[in-house]
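Notes to accompany the following structure.
Residue numbers (the numbering used here): 785 to 965.
If you want it as structure tokens, here you go:
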């Protein structure tokens with residue numbers, strides 16, 4: 785109990801100067817690919833949806849609503865600047881424009897190829913990219929970048945979670961089907 789209290793106190797003391805130094809308006813860039821094929825309405829033969837509905841933008845808006853209380857304590861307002869472009873080059877131009885306006889944090893809702901291209905092109909710059917939707921393992925392996933953080937679990941993590949669940953239930957005989965759904 786005391787160790788937890790000390791840890792929370794230490795964390796608060798480390799973060800307080802950072803939060804207090806925030807500008808009045810803290811803008812977070814939200815980048816998404818226009819016409820992203822991952823968000824088409826896909827259904828099975830029985831008309832069941834095979835993927836969750838919608839883009840992560842709604843979740844980002846909810847998160848900003850929830851952080852308003854904490855921001856008010858230090859006079860900080862958090863806002864999202866949404867940008868929709870068709871290609872990685874257009875998104876990179878948007879990053880450049882937003883960074884000139886003081887935006888250094890970007891939520892990226894795009895396929896893995898575009899996320900990897902943006903991360904490679906912005907390597908060494910004073911910004912952070914947050915991958916909110918690309919699950920590909922290669923983004924955490926061969927195409928890993930220090931300034932690219934992942935909000936969504938990759939396929940390896942999902943497989944590991946499934947394996948742990950199966951072991952916890954003592955299910956040792958499993959039929960795994962691989963292929964296009």
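We put the beta carbon where it would ideally sit given N, CA and C, even for glycine.
- Residue 870 has no beta-bridge partner at all, per DSSP.
- Within the DSSP secondary-structure output, residue 817 pairs in a beta bridge with 869.
- Under the 10 Å beta carbon count, residue 809 is surrounded by fewer than 16 other beta carbons and is classified as exposed.
- Taking a contact to require three or more Cβ pairs closer than 8 Å, the region 921-937 and the region 857-875 do not qualify as touching.
- Annotated three-state conformation of residue 944 is helix, per DSSP.
- Annotation for residue 868: 816, 818 place their beta carbon closer than 7 Å to its own, counting only its chain and skipping 5 residues before and after.
- Non-local beta-carbon contacts of residue 883 in its own chain, meaning distances under 7 Å to residues more than five positions away in sequence, involve 911 in chain order.
- Residue 921 sits away from residue 896, with the two beta carbons spaced by 7 Å or more.
- Straight-line measurement puts the Cα of residue 907 at about 23 Å from the Cα of residue 864.
- Distance from the CA of residue 881 to the CA of residue 888, rounded to the nearest whole angstrom, comes to 11 Å.
- Annotated three-state conformation of residue 902 is helix, per DSSP.
- For residue 848, the enclosing alpha helix (DSSP H) begins and ends at 841-857.
- Scanning its chain for C-beta atoms nearer than 6 Å, with the 5 sequence neighbours on each side dropped, one finds around residue 935 the residues 914, 916, in chain order.
- Taking a C-beta distance under 7 Å as the contact criterion, residue 814 and residue 891 qualify as a contact pair.
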